[in-house]
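A.B. asks:
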Amino acid sequence: MPYLGSEDTVRELRRALCNPNVQSDQLRYRSTILKVIRAMSQGVDVSGLFSEMVKACATVDIVQKKLVYVFLCSYATLNPELSLLVINTLRKDCQDPNPMVRSLALRNMTNLRLPSLVEYVEQPLTAGLRDRAACVRRVAVLGWAKLHNLQPNSEIDAAVVNELYGLLRDPDPVVMVNCLRALEEILKEEGGVAINKPITHHLLNRLKDSDVWGQCEVLRILQRYRPQSENELFDILSLLDASLVSPHPPVMAATLSLFLCLCSGLPAVSLAALERVRGPLLAACGSVSRETRFTALCHIQLLLRSLPGLMGAHYKRFFCGYAEPAYIKQRKMQGRQALLWLLAVYGERVSSAPYTLEVFIDGVRSEASLGVKMELLTTTMRLFLCRPAETQDMLGRLLHYCIEEETDMCVRDQALFYYRLLHYGTEETRKVLQGRRSDPSLGVLIGRPAEPISQWAYSFNTLEPLRQGCVETEPASRGSPEHVTFDPKPNTDLSDTLNCSQIEKVHSGSDSARGFTYSSANVLASSLAAPISLSLSPALSPEEFEHLWMQRQASHAEQGAEKLEEEEDYVCLEERIQCPAIPHCSPQSLQAAMQLVNIQTLAFTPPHTLPWRVYLYTHTQHAHSGDAPRSTLVVGELLYTGEASRRVVEIKKGTEDGDVAEEGQEAGLSGRELVRKDREEEEVKVTLKQQPSDDKALKGFLSILTTVLHTLSSESN
């Protein structure tokens, strides 16, 4: 064989193709054609052999036909006139007794991509739609889509469209799916294939007969259909139930996407579907294919936005593997970086934190991860603010290296920023770094406010989650700072927002203890004297909460009220707030609203359940005049029984019902005759227990809690 790419190569191949001895020997003829295809795949221009290859397609050898058709489809656009020579052979093959030959001829007639040949192709394609062999019908259906793609501005043949709709009920599942794809292409300008109730239920019943990609295509198209009744909706969900836990990740993802689309108005059903796909998603995270693992991790991050604790029991599955590529490690828990983050937030309580950090600083020159270096800078700075004597020397060494020797500009700029910030003093530095930094990839471990599913459902099972080059930074609205300070103006009037009726100060929860009444204005006036700060740290576990709550109740039962009144380090406060819509709010909305003001909800009963309870806690810091801020722990319970409390209201005689006298006003003070009237109200009972006692901080916290509850109640209404 002459040198590859020279004209001698084409000349030698033409001589072999025209040799009668070669043509008479079927194996030698096929071998020569194979050499032509090999030369074409290697970049040699063999278009000059077009006429010889057209003659070679007139054979009964199917392998030789396939090789010739590959050549003709590649060079047909360069030789449109000579391509007409092959049409007769192809049309003849469309009537061959062998269905393999018929399907091969139909496929290559449409693959020639020549508008001038459309009139010769339409008749064989129409006959192919009615062919007895399923493989021919599969090719004919897609052939109509290819013809429409060649002439997109041509008028759509209604007869062909109707025949394609009829083939949706073809016994072959591949023909059914190909009809959907063809109708999507032909009716693109009209919105694609029309999906009605009979078509929807037919496709769902035939779903299990299709292959993986066929099921995905059907599930994607069914997202356009909207059930006409709730019963029909649940019938559809029942048909999709098996596909939701399919072992094939594409089918599972497409089914969940359809679930979220159909159940946009049923958040409870959507959450149940997310719970069910936990197993298939975890299996996809352990797939042999790296691409499948990466895609599963990206979609798990979407689910964690609405169910932060979904994968909490399987957190070990999200640790980085040694041989995993960087793009997968960046989606997993980035372990050294997570450890540094923990040292930054809780290093004040970890005795060995500086020594653990020193190991990282000593090895910073060999550290290859950019994320670890930047987290190391922040962790060292935050630890220096709470433990300066132990951290000062290592902070100086780290800043010197990052500024003078580090080659990455991101790390160097961050180090320069911290270095210049320290020149303004530790107090200014503390103001900048006091907020809690949260690594979003740790969402499987830490609690976060749950987002509505509708915020991300549209992007599930699409390329949108994969386009994000790195892990998202935590939005300001998600997660709360370490402290939230409330310092309202003294003349702020919140009496319209707060509707507090009575505050009973009861030492140790005693009903017989001395009580007194405040109006809502008095509560606010007392809480506005100095700013109050709420904090979630130190965290309180559910077990610790239960121990504190039950311990006080037990001590009240065992000891007398007179003795407990002498305790100055404990106070109990009871309040009734008119916000009956609160027990009907979703737990996610209530939890998110509380965390915005740094109130942690530990447990709550489901909505519409009676009695309805919520347990919460926070730490208050209230600055007394001239003294350092005093920190207290407040634990509380919200209780709604659904029963209306009857309250006596005195009304002036001879006036309208709206002229209500002050509650508790004694008869005869003004010489006017008063009558009594009962009023029913639905209220939420708030019980707060504080230790050590700080009346002003407790009343300020109550006003904040009342504002949150009234705001949620108005939104629910």
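Numbering (the numbering used here), first residue to last: 1 to 717.
Built from N, CA and C at the ideal position, the CB exists for glycine as well.
What's the call for M409, buried or exposed, on a 16-neighbour Cβ count within 10 Å?
C.D. replies: Counting Cβ neighbours within 10 Å, M409 comes out exposed, since fewer than 16 surround it.
A.B. asks: Do you know whose CA, among P97, K92, N98, lies nearest M109's CA?
C.D. replies: For M109, the nearest C-alpha among the options comes from K92.
A.B. asks: Per DSSP, what are the beta-bridge partners of A603 in this structure?
C.D. replies: The partner list for A603 (beta bridge, DSSP) reads Y615.
A.B. asks: Go through its chain and collect everything with a Cβ distance to E375's Cβ below 7 Å, but skip five positions before and after it.
C.D. replies: Cβ neighbours of E375 beyond the five flanking positions: Q337, L340, W341.
A.B. asks: If you draw a straight line from the alpha carbon of L398 to that of I361, how long is it in whole angstroms?
C.D. replies: L398 and I361: Cα-Cα distance of roughly 6 Å.
A.B. asks: Take the Cβ of N598 as the centre, count every other Cβ of all protein chains shown within 10 Å, and call the residue buried at 16 or more, exposed below.
C.D. replies: That one is buried.
A.B. asks: Reducing DSSP to helix, strand and coil, say where K35 ends up.
C.D. replies: Helix at K35.
A.B. asks: Per DSSP, what are the beta-bridge partners of R576 in this structure?
C.D. replies: Its beta-bridge partners are K685.
A.B. asks: Identify, in the order they occur along the chain, each residue of the same chain with its Cβ nearer than 8 Å to the Cβ of T655, setting aside the five sequence neighbours on each side.
C.D. replies: Caution applies to T655, whose pLDDT of 42 falls short of 50 and renders its modelled position unreliable; the value that the coordinates give is listed next. Nothing listed; no residue qualifies.
A.B. asks: DSSP three-state label for K563, please.
C.D. replies: With a pLDDT of only 42 at K563, under the threshold of 50, the placement of this residue in the model should not be trusted; the figure read from the coordinates follows. Helix.
A.B. asks: Apart from the five residues just before and just after T391, which ones in its own chain have a Cβ nearer than 6 Å to its Cβ?
C.D. replies: Excluding sequence neighbours, T391 sits near P354, L383, F384.
A.B. asks: Got a sec? Which residues, its chain only, sit under 7 Å from Q26 by beta carbon, not counting five neighbours each side?
C.D. replies: Counting only Cβ-Cβ distances below 7 Å, and skipping sequence neighbours, we find D61.
A.B. asks: Beta strand (DSSP E) containing L534: first to last residue?
C.D. replies: Segment 532 to 535, the beta strand (DSSP E) holding L534.
A.B. asks: Between S83 and L117, which are expected to be in contact by the criterion C-beta below 8 Å, what is the C-beta distance as a whole number of angstroms?
C.D. replies: Confirmed, about 7 Å.
A.B. asks: Closest to L712 by C-alpha separation, out of L302, P587, L688, T380, would be which residue?
C.D. replies: When only C-alpha atoms are compared, the closest one is P587.
A.B. asks: Could you say which of E232, P97, E683, M53 lies nearest to A76 if we only look at CA atoms?
C.D. replies: Of the listed residues, the one whose Cα sits closest to A76 is M53.
A.B. asks: Quick check on A592: buried or exposed, where buried means 16 or more other Cβ atoms within 10 Å of its Cβ?
C.D. replies: Its Cβ being crowded by 16 or more others within 10 Å, A592 is buried.
A.B. asks: Helix, strand or coil for V571? Go by DSSP, reduced to three states.
C.D. replies: V571 falls in the strand class under three-state DSSP.
A.B. asks: Could you tell me which of M252, A242, L310, G335 sits nearest to C320, measuring between CA atoms?
C.D. replies: Of the candidates M252, A242, L310, G335, the one whose C-alpha sits nearest the C-alpha of C320 is G335.
A.B. asks: Cβ atoms of V571 and Q690: under 9 Å apart, would you say?
C.D. replies: Their beta carbons are under 9 Å apart, which means Q690 touches V571 by this criterion.
A.B. asks: Would you identify the three-state DSSP class for Q690, choosing helix, strand or coil?
C.D. replies: Looking at Q690 - three-state DSSP - the assignment turns out to be strand.
A.B. asks: Going by the DSSP bridge assignment, what does Y640 pair with across the sheet?
C.D. replies: Per DSSP, W612.
A.B. asks: Could I get the ranges of all uninterrupted alpha helix (DSSP H) runs contained in the segment 211 to 282, with 4 residues as the minimum, in chain order?
C.D. replies: The qualifying runs are 212 to 221, 230 to 244, 249 to 262, 267 to 276.
A.B. asks: Quickly, what does DSSP pair H400 with across the bridge? List them, please.
C.D. replies: In DSSP, H400 forms no bridge with anything.
A.B. asks: Using a 10 Å radius around the Cβ and a threshold of 16 neighbouring Cβ atoms, would you call V46 buried or exposed?
C.D. replies: Buried, since its Cβ has 16 or more Cβ neighbours within 10 Å.
A.B. asks: Whether or not the segment 156 to 163 and the segment 182 to 198 are in contact is what I'm after, with contact meaning three or more pairs of Cβ atoms, one per stretch, closer than 8 Å; do they touch?
C.D. replies: Because the criterion of three Cβ pairs below 8 Å is met, the segment 182 to 198 and the segment 156 to 163 touch.
A.B. asks: Measure from the alpha carbon of L262 to the alpha carbon of each residue in A242, R220, N162, A296, then state which is nearest.
C.D. replies: That would be R220, whose Cα lies nearest to the Cα of L262.
A.B. asks: How long is the line joining the alpha carbons of Y165 and E185, rounded to whole angstroms?
C.D. replies: Y165 and E185: Cα-Cα distance of roughly 13 Å.
A.B. asks: What do you get for A323, buried or exposed, if any count of 16 or more other CB atoms within 10 angstroms of its CB means buried?
C.D. replies: Under this definition A323 is an exposed residue.
A.B. asks: To which residues does DSSP link F620 through a beta bridge?
C.D. replies: The question names Phe, but residue 620 is Thr in the sequence shown. Answer by DSSP bridge pairing, in chain order: L534, T632.
A.B. asks: Applying the criterion that 16 or more other CB atoms from any shown protein chain within 10 Å of the CB defines a buried residue, is P542 buried or exposed?
C.D. replies: The residue in question, P542, is exposed, as its Cβ has fewer than 16 Cβ neighbours within 10 Å.
A.B. asks: Have a look at A313 and R420 and give me their C-alpha separation to the nearest angstrom.
C.D. replies: Those two C-alpha atoms are separated by around 43 Å.
A.B. asks: What number of angstroms, rounded off, separates the C-alpha of P580 from the C-alpha of S714?
C.D. replies: Cα to Cα, the separation comes out at about 10 Å.
A.B. asks: Cα-Cα, which of I87, V218, F50, E575 is closest to N205?
C.D. replies: If we check each option's Cα against that of N205, V218 comes out closest.
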